[in-house]
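Trainee: What follows is a single structure, and I will ask about it in a moment.
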Amino acid sequence: MPRFLLIGLDGAEPSLIGPWMAEGRLPHLARLAERGTFLRASSTVPCATFPAWATCVTGVGPGRHGLIDFTEMIRGQYAIRFKNGTFRQAPALWNVLSDAGKRVGVLGVPGTYPPEPVNGFIVSGFDSPVATRIDASFVHPPALYPEVRQWRFADFQESDIGPGWHDRAIPLLLRAVDEKSAIAVRLLAREPWDFFMVVFGESDTVAHHFWMFHDPRSPRYRRGREHAIREVYERLDDAVGALVRAAGEDVVVGVVSDHGFGGAGTGVVHLNNWLAERGYLRFCPTNGGLIKRAAMACVPEHWRGGLFRRFRGVAARAESGSRFGGIDWSATAAWSEELNYFPSVRVNLEGREPKGQVRARDYDAFVRDLCHELEDWGPVARAWPRAELYDGPHVDRAPDIILELALENGYAHSCLRARGGPGFRRLRDEEYFGAKERGMNGTHRPTGMLILSEPCAATEARLEDVAPTVLATLGVPAPPMEGQALLHPHIEVLPRGEGTRVAREVCPYSEDEARTVEKRLRALGYYE
Ligand SMILES: [Zn+2]
Numbered sequence: 205m206p207r208f209l210l211i212g213l214d215g216a217e218p219s220l221i222g223p224w225m226a227e228g229r230l231p232h233l234a235r236l237a238e239r240g241t242f243l244r245a246s247s248t249v250p251c252a253t254f255p256a257w258a259t260c261v262t263g264v265g266p267g268r269h270g271l272i273d274f275t276e277m278i279r280g281q282y283a284i285r286f287k288n289g290t291f292r293q294a295p296a297l298w299n300v301l302s303d304a305g306k307r308v309g310v311l312g313v314p315g316t317y318p319p320e321p322v323n324g325f326i327v328s329g330f331d332s333p334v335a336t337r338i339d340a341s342f343v344h345p346p347a348l349y350p351e352v353r354q355w356r357f358a359d360f361q362e363s364d365i366g367p368g369w370h371d372r373a374i375p376l377l378l379r380a381v382d383e384k385s386a387i388a389v390r391l392l393a394r395e396p397w398d399f400f401m402v403v404f405g406e407s408d409t410v411a412h413h414f415w416m417f418h419d420p421r422s423p424r425y426r427r428g429r430e431h432a433i434r435e436v437y438e439r440l441d442d443a444v445g446a447l448v449r450a451a452g453e454d455v456v457v458g459v460v461s462d463h464g465f466g467g468a469g470t471g472v473v474h475l476n477n478w479l480a481e482r483g484y485l486r487f488c489p490t491n492g493g494l495i496k497r498a499a500m501a502c503v504p505e506h507w508r509g510g511l512f513r514r515f516r517g518v519a520a521r522a523e524s525g526s527r528f529g530g531i532d533w534s535a536t537a538a539w540s541e542e543l544n545y546f547p548s549v550r551v552n553l554e555g556r557e558p559k560g561q562v563r564a565r566d567y568d569a570f571v572r573d574l575c576h577e578l579e580d581w582g583p584v585a586r587a588w589p590r591a592e593l594y595d596g597p598h599v600d601r602a603p604d605i606i607l608e609l610a611l612e613n614g615y616a617h618s619c620l621r622a623r624g625g626p627g628f629r630r631l632r633d634e635e636y637f638g639a640k641e642r643g644m645n646g647t648h649r650p651t652g653m654l655i656l657s658e659p660c661a662a663t664e665a666r667l668e669d670v671a672p673t674v675l676a677t678l679g680v681p682a683p684p685m686e687g688q689a690l691l692h693p694h695i696e697v698l699p700r701g702e703g704t705r706v707a708r709e710v711c712p713y714s715e716d717e718a719r720t721v722e723k724r725l726r727a728l729g730y731y732e
């Protein structure tokens, strides 16, 4: 029976990889693709880290695995909570394989914190937007921690891009690829395994911040650093080569990206302003409650991830204040959380929200009409009622309306938070560099890629196909999945409407602790 090595390159874009393989710049990926398969692979909606990787490892869509976003709304409140791996409602590859007696090694898959007990080892991937590195709580078994403690997600924060940031970032990204690759190579060569999965986030980070340098046609183009993205891809190709060598004989290799990448233009959509213009939303007379998230910069970088994990409740309250503050709920029928990576609209529904304004019997017609109005506006390409996009028992965790913003000459609009002002505007010159929450200059696209070291008949893939492909190759029966095995296609497709498994939820802090830290965070300027 062969073994399976699955390498994740977060956000790796097929239209970059294809030409660079052809030019001989990515020889290890090219060799895999030549003897095997190079496919475009469609991502989830939204094409964002948590839902996409969860789909990749479960073989089911967001309506079934339930990890639709980092956060979800708390029922009956205008508030959110942060989610982590315990919210995943469908078994991942390592659960299924462990149960079947196979040994697994899993490194850095986003949305897998806290680590699950598996037959083998797991180092969780990043669990929050502010995490930069792992600590001992990321590792199972704990004895492995000293050996993997160098594992990091980023050596810098991306919410504040000051002078010199880009020059500092490139060597740090390259070093992170080398360090992760060295850790993975050591474990690959030493540990027994049937399935080994490792995810690199550097391809995503570099493309978010360096697209404007890479692409001379970008409306945000700046000279200099034009090869930063390519350099990181080349370094990742070296890592792929080293991993494949270390994996040894009789191994099927898959290289997958959770979504693709493209440039962001200069258009900015302020959804709540637009909803206010159309009479769907009213702002409070004062902007109380809106929070300066950038003030988190006062907290030393290496504390942030830990603070966040320990005091998720506090962070959730701060984030809730930012998303929901300044809106007059008694005069609002629809509003948006204004997330750049997940543009959407929510209905203020009677019986669900505390001050719901739309009656339940009007819901369907209200959503349908609002979708049409959004699509007629211009900056929105598509507006879907959630039931049209998702299937499964967790559809109600999604926003009521999911949007795909239009591209302008191939460049994406940014969706940014505002309280008052126009519904659509142009970025000012000084905003072109962007930052997290402030419109990054490269953004996700819905089509990523899948390279398999074996030939297959398929001409395109979906992220849902990855898990069944792994299980079929390893000869392990799959639980119900929505994807198809691309290499040994004898797996059944899931009948619609079947649930999977029950939530496990952890609450790692007490209310008392939370209040103390809230006070400290406020003193640090985390609250306005
Ligand atoms: Zn990203």
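For the numbering used here, count along the sequence shown from 1 and bump the result up by 204.
All residues carry an ideal CB built from backbone N, CA and C; glycine is no exception.
It should be emphasised that the depicted structure is a prediction, and the values quoted were computed from it without experimental measurement.
(1) With DSSP run on the structure shown, which of helix, strand or coil describes C575?
(2) I745 by DSSP, collapsed to three states: which one?
(3) Buried or exposed: R497, going by 16 or more other Cβ atoms within 10 Å of its Cβ?
(4) Considering Cα atoms alone, identify which of V352, F291, A304 is closest to G312.
(5) Assuming R550 and P603 form a contact by the criterion Cβ under 8 Å, report the distance between their Cβ atoms to the nearest whole angstrom.
(6) Within the same chain, show all residues whose beta-carbon is closer than 6 Å to that of R621, passing over the 5 residues directly before and after it, in chain order.
(7) Given that a residue counts as buried once 16 or more other Cβ atoms are within 10 Å of its Cβ, and exposed if not, what is Q281?
(8) How about G469 and E634: do their beta carbons lie closer than 8 Å?
(9) Taking the alpha carbon of P659 as the point to measure from, which residue in I211, M205, T241, G228 has its own alpha carbon closest?
(10) Between the beta-carbon of T673 and the beta-carbon of P206, is there less than 8 Å?
(11) Cα separation between P218 and A296?
(12) Give me the residue from T663, F404, D462, A480 with the minimum Cα distance to L447.
(13) Does D382 pass the burial test, meaning 16 or more other C-beta atoms within 10 Å, or should it be called exposed?
(14) First and last residue of the alpha helix (DSSP H) that includes I433?
(15) Confirm the yes/no value for this check: CB of T259, any heavy atom of ligand 1, distance under 7 Å.
(16) Run the CB neighbour count on P699, radius 10 Å, all protein chains shown included, and call it buried at 16 or more, exposed below.
(17) Closer than 7 Å to a non-hydrogen atom of ligand 1 - does that hold for the CB of H412?
(18) Can you say whether P736 is buried or exposed, counting buried as having 16 or more other CB atoms within 10 angstroms of its CB?
(19) Taking only the alpha-carbon atoms, compute the straight-line gap between A665 and G222 and give it to the nearest angstrom.
(20) Check A468 in the structure and name its three-state DSSP category.
(21) At the level of alpha carbons, what is the spacing between R372 and Y545?
(22) Less than 7 Å between C-beta atoms, sequence neighbours within five positions excluded: which residues of the same chain meet that for P346?
(23) Is D331 near ligand 1 - that is, is its Cβ less than 7 Å away from at least one heavy atom of it?
(24) Under 7 Å from any heavy atom of ligand 1, does the C-beta of D532 make it?
(25) Using 10 angstroms around the beta-carbon of E227, count the other beta-carbons present and answer buried if the total reaches 16, otherwise exposed.
(26) Just reading off the beta strand (DSSP E) that P231 is part of, what are its end residues?
(27) What does the Cβ neighbour count give for P350, buried or exposed, with the cut at 16 atoms within 10 Å?
(28) Assign L213 to one of three DSSP states: helix, strand, or coil.
(29) Comparing alpha-carbon positions, which option in A252, V473, S385 lies nearest L631?
(30) Using the DSSP secondary-structure output, state which residues sit across from W588 in a beta bridge.
(31) If you count every other CB in all the chains shown that lies within 10 Å of the CB of R572, and 16 or more means buried, which is it?
(32) Return the bridge partner residues of S385 from the DSSP annotation.
Mentor: Let's see:
(1) helix
(2) Given a span of 205 to 732 for the chain in the structure shown, any question on residue 745 remains unanswerable.
(3) Below a pLDDT of 50, predicted positions are generally treated as unreliable, and R497, at 44, falls in that range; the measurement from the model is reported next regardless. Under this definition R497 is a buried residue.
(4) V352
(5) 5 Å
(6) E542
(7) exposed
(8) no
(9) T241
(10) no
(11) 25 Å
(12) F404
(13) exposed
(14) 432 to 451
(15) no
(16) Reliability of the predicted coordinates at P699 is poor, the pLDDT of 46 falling under 50, and no value is obtained from them.
(17) yes
(18) An answer regarding residue 736 cannot be provided, because it is not within the stretch 205 to 732 covered by the chain.
(19) 16 Å
(20) strand
(21) 25 Å
(22) A340
(23) no
(24) no
(25) exposed
(26) P231 -> not in any beta strand (DSSP E); alpha helix (DSSP H) instead, spanning 231 to 239.
(27) exposed
(28) strand
(29) V473
(30) I606
(31) exposed
(32) According to DSSP, which records beta bridges pairwise, S385 is partnered with nothing at all.
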